[in-house]
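A.B. asks: Under the UniProt record's numbering, the first residue of the sequence shown carries the number 1, and numbering increases by one thereafter.
Virtual Cβ for every residue (Gly too), placed ideally from N, Cα, C.
No experiment lies behind these values; they were computed from the predicted model shown.
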Amino acid sequence: IYISFSSGCAIIRPPRDGGIRYRGLTQEQVLPVDYEIEYICRGNRVIVGPKVRKCLPDGTWTDLNQRSKKKLYIGALFPMSGGWPGGQACLPSAQMALDLVNKRTDILPDYELELIYYESMCDPGEATKLLYDLLYTEPIKIVLMPGCSSVSTLVAEAARMWNLIVLSYGSSSPALSNRQRFPTFFRTHPSATLHNPTRVQLFQKWKWTKIATIQQTTEVFTSTLDDLEQRVKEAGIEISVRQSFLTDPAVAVKNLKRQDARIIVGLFYETEARKVFCEVYKEKLYGKKYVWFLIGWYADNWFKIKDPSINCTVEQMTEAVEGHVTTEIVMLNPETVRGASNLTSQEFLAQLMSKLGGKNPEETGGFQEAPLAYDAVWALALALNKTVGPLKAKGRRLEDFNYNNKDITAEIYRALNTSSFEGVSGHVVFDAQGSRMAWTLIEQLQGGSYKKIGYFDMTKGNLSWYGNDRWIGSDPPADQTVVIQKFRYLSQKLFVSVSVFAGLGILMGIVCLTFNIYNSNVRYIQNSQPYLNNMTAVGCMMALAAVFPLGIDGLHVRNSQFPVVCQFRLWLLGLGFSLAYGSMFTKIWWVHTVFTKKDEKKDKRKHLEPWKLYATVGVLLVIDILSLMIWQIVDPLHITVEKFTKEAPKGDVDELIEPLLQHCSSEKMNTWLGVVYGYKGLLLLLGIFLAYETKSVSTEKINDHRAVGMAIYNVSVLCMITAPVTMILSSKQDASFAFASLAIIFSVYITLVVLFVPKMRRLITRGEWQSDQQETMKTGSSTNNNDEEKSRQLERDTSPTARSTATAATPADCSSSTSEPGGTGRKCKRGHGKLKGGRKTSYLDSRPTIFPISAQQTALFVSFVSDTCCDSWEVINRRLENLVLIASFDASPYLKTTHALNHFNVQMSNPQLILTRKIVDE
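1. Identify, in the order they occur along the chain, each residue of the same chain with its Cβ nearer than 6 Å to the Cβ of residue 476, setting aside the five sequence neighbours on each side.
2. Look up residue 244 in the DSSP assignment and give the residues it is bridged to.
3. Within 8 Å, do at least three Cβ pairs link the segment 179-196 to the segment 221-241?
4. According to DSSP, simplified to helix, strand and coil, what is residue 367?
5. State yes or no: is the C-beta of residue 751 within less than 8 Å of the C-beta of residue 715?
6. So is residue 464 buried or exposed if we call it buried at 16+ other beta carbons inside 10 Å?
7. If we count the other Cβ atoms within 10 Å of its Cβ and call it buried at 16 or more, is residue 583 buried or exposed?
8. Taking the runs of the beta strand (DSSP E) that are 3 residues or longer, which of them lie wholly in the segment 448-483?
9. Give the DSSP-derived three-state secondary structure of residue 262 in the structure shown.
10. Please state whether DSSP places residue 662 in a helix, a strand or coil.
11. What are the boundary residues of the beta strand (DSSP E) that includes residue 168?
12. Measuring alpha carbon to alpha carbon, tell me which of 313, 640 and 689 ends up nearest residue 588.
13. For residue 713, name the three-state secondary structure that DSSP assigns.
14. For my contact list, residue 363 and residue 273 are in at a C-beta cut-off of 8 Å; report their separation, rounded to the angstrom.
15. Do you know whose CA, among 315, 522, 211 and 484, lies nearest residue 657's CA?
16. With the cut-off set at 8 Å, would you say residue 591 and residue 744 are in Cβ contact?
17. Could you compute how far the alpha carbon of residue 446 sits from the alpha carbon of residue 472?
18. Ignore the nearest five residues each way along the sequence and tell me which others in residue 126's own chain have a CB closer than 7 Å to its CB.
19. Exposed or buried, residue 569, counting other C-beta atoms within 10 Å across all chains shown (16 or more means buried)?
20. Going by alpha carbons, who is nearest to residue 541 out of 511, 554 and 523?
21. Closest by CA to residue 536, which one among 133, 576, 572 and 527?
22. How long is the line joining the alpha carbons of residue 474 and residue 288, rounded to whole angstroms?
23. How do the segment 365-375 and the segment 328-336 stand: do at least 3 beta-carbon pairs fall below 8 Å, yes or no?
24. Please report the Cβ distance between residue 357 and residue 424, rounded to the nearest whole angstrom; I am assuming they are in contact, meaning their Cβ atoms lie under 8 Å.
25. In whole angstroms, what is the alpha-carbon distance linking residue 173 and residue 149?
26. For the segment 633-641 against the segment 661-669, are there 3 or more C-beta pairs whose distance is under 8 Å?
27. Among 281, 132, 305 and 214, whose alpha-carbon lies nearest the alpha-carbon of residue 263?
28. Suppose the cutoff is 6 Å on Cβ atoms and the five residues either side in sequence are ignored; what does the same chain contact list for residue 544 look like?
29. Looking only at DSSP bridge pairs, what is residue 485 linked to?
30. Give me the Cα-Cα distance between residue 718 and residue 513, rounded to the nearest whole angstrom.
31. Evaluate residue 253 with the Cβ neighbour count: other Cβ atoms within 10 Å of its Cβ, from every protein chain shown; 16 or more gives buried, anything less gives exposed.
32. Please state whether DSSP places residue 136 in a helix, a strand or coil.
33. By Cβ distance, which residues of its chain are closer than 7 Å to residue 740, with the 5 residues on each side in sequence left out?
34. If you reduce the DSSP assignment to three classes, tell me which class residue 315 lands in.
35. Under 8 Å between the Cβ atoms of residue 680 and residue 525?
36. What is the rounded straight-line gap between the Cα of residue 563 and the Cα of residue 668?
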């Protein structure tokens, strides 16, 4: 007897006295209210039945002829709150799937799936208690379905002890892909590591090679980040900053700001995401310079939800999150395909919205993961359906499952592992670790809402790009502050200016060299050792030529040619110094050697041999050539680049300028410079010493040694100042070049002016080159007669009578002094003589005795005066004694001035003698 009402099915309980009860039923323990059992009692007490039928949602009963279904129970944990409240949408979705599966006659026709679930709050501690209740409370569960990763980790690790299959719908932790630790675990939610290939693909697309990460300290995010680190390393991308936090992200965000993080991957749950971006707003770690990569399974309005744990407004949060990119597993099939459930993805969403009762999807936790929960139930149903046949062949049934039965568990595992069907979330298939393989959706928050900008298929490595990505700036930001390397080059105005002076100096050197060569037969030029002066001029020109390669840098030549320029610098400076300074040093050295020895050794050195001078210069030159060759062979010069502190350009640009400067250097540059500077420095110091020692020496063999000494003073001082200063200023290209080049120019100009200009002036004003050259043409011999020959000629021409007369005319106030044999020497104290009566008088008041002289003697005197202008006073004294023209006092001090003959009472009737006075005056 059946009574049906429009409001539903009327349940007719079996009569209490009508036969026996169905097994397991008591008065207190009956079937659910939507079932009934029909008993048919016969007169012979034969019971036909029972027949079980079910009340359908439309108010009708199932056919009485339908066989009763055996129940299979699924134990589930749904997080309705906590870090990820995914159960809010996933539970209705799973119930929808169960209803459809139980209606299907082609899937588990003899079984009915029933869901027993608890709320886990996504808390492993709470899940532990609930798992105990599921396992130790009837009925037996054939499969467990946990939610978030932390809970799934606990359940999957324990399930192996009860031979239970675990199928998760919302766990993304990469740690769950460990088959040794979780041997019975499957999940329809892909592993979080599935985001990483997509992230790497995007990094490469936007040409980022440096990223930063910030994570919540949980296993799911730690293992995801470990996998990301491995993948970016293989792709040549660097994780420059890695920060983590437990509950408060403030310090971690500040560290990201301090370390100039630009491309930041954030791994944390939704509640912590709000905390992070509140701190991001405070630290201004957002805008056109920054890109954040977040997990895509947050609610679409997660940043607008009021959260008492943060003190930022919705507007501030919206500003901070603008432009961030999410990578999200494709959880809803983008194609209109009817899969195993005979629903398209859009039809599924419509039914889900109806079941949610019109709740806002953006405010419903787990709405995006709902298709995964739906397909998880279908994957389980299809796998269980696949096990019915193999188990029947073994004499087993699904309802025989218990926690000690490994055979049924193995069959279920085998069926799930080979699952492959089209679901509302896409194609469902599991990899060897039990993780879902799926596409990745790439979205960007634009104007407060998420926009799809592409898909990535990891199995094929194919990136489908829509090209609608939008940035606050015109282009994707740089992964770090763009450092523009900019070479510092020498100021071209300075280079041109200095080059002009160097060129004029070279022209001046050519003039001086030409002058010296042209007048090499002039006696005055011959007495200055013209060949050494020629070397000096050539060396000066080589030193000036070194100014040009000193100013050549990467602006003028390629990097491959720069070492050649370095070689030119080194060789021109080295050889130029050796020729210029070496020739001057040789002069001063030999003057010191010849004229500062003791008297008994002077005669041995009267005849100066020019080849020794040239040999000395040659030795200095060979030393330089050998040292430079060894340097270039052992440790050749090459380019080195000096980097300076980065500079911020003007304007609001995300750039820094890193100045670079090219140098000529070698591996042991300081050692080589120490050797060269030490050797050259000793030569300079020795040159200064010799110039000082010979400042009062006068010789006609090297008649310009005082000018050489002056040049040595100037060159030495400039070199000893320039060498250390240029090393200090090596990082300042303009100052270093200006100091070094101007030191070279001044040294060369001073040397050329001091050595050659007086010679030019003398020859031009006196016209000596004409008379000497004419005399040379007439006589056919050189006029370079040395003073010893003149002295011997004078001794032959001077009569003994004149000598004796001169001796007798010696004033009484001068004392006699020992003289050489054959002559009388008189010597008075320099500056004053003593007359009778004790009155001291100056020799300016003295009057010498006048002697008549012959024309021949006058000519010798003229020769004497004209040749003694550059001789030492010692030589002059000896000549005066030989001439015996002035015997009243030692006249040598007065010859130092152009007015010397004004202090002599000499008769001017002889024209030869008048000429002599003019010469001395001039």
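C.D. replies: To lay it out plainly:
1. 206
2. 215
3. yes
4. coil
5. yes
6. exposed
7. buried
8. 449-457 and 462-465
9. coil
10. strand
11. 165-168
12. 689
13. helix
14. No, residue 363 and residue 273 are not in contact; Cβ-Cβ is about 16 Å, not under 8 Å.
15. 484
16. no
17. 10 Å
18. 120
19. buried
20. 511
21. 576
22. 9 Å
23. yes
24. With a Cβ gap of about 20 Å, residue 357 and residue 424 do not count as contacting.
25. 6 Å
26. yes
27. 214
28. 502, 505, 506 and 748
29. 658
30. 24 Å
31. buried
32. helix
33. 550, 722 and 726
34. helix
35. no
36. 16 Å
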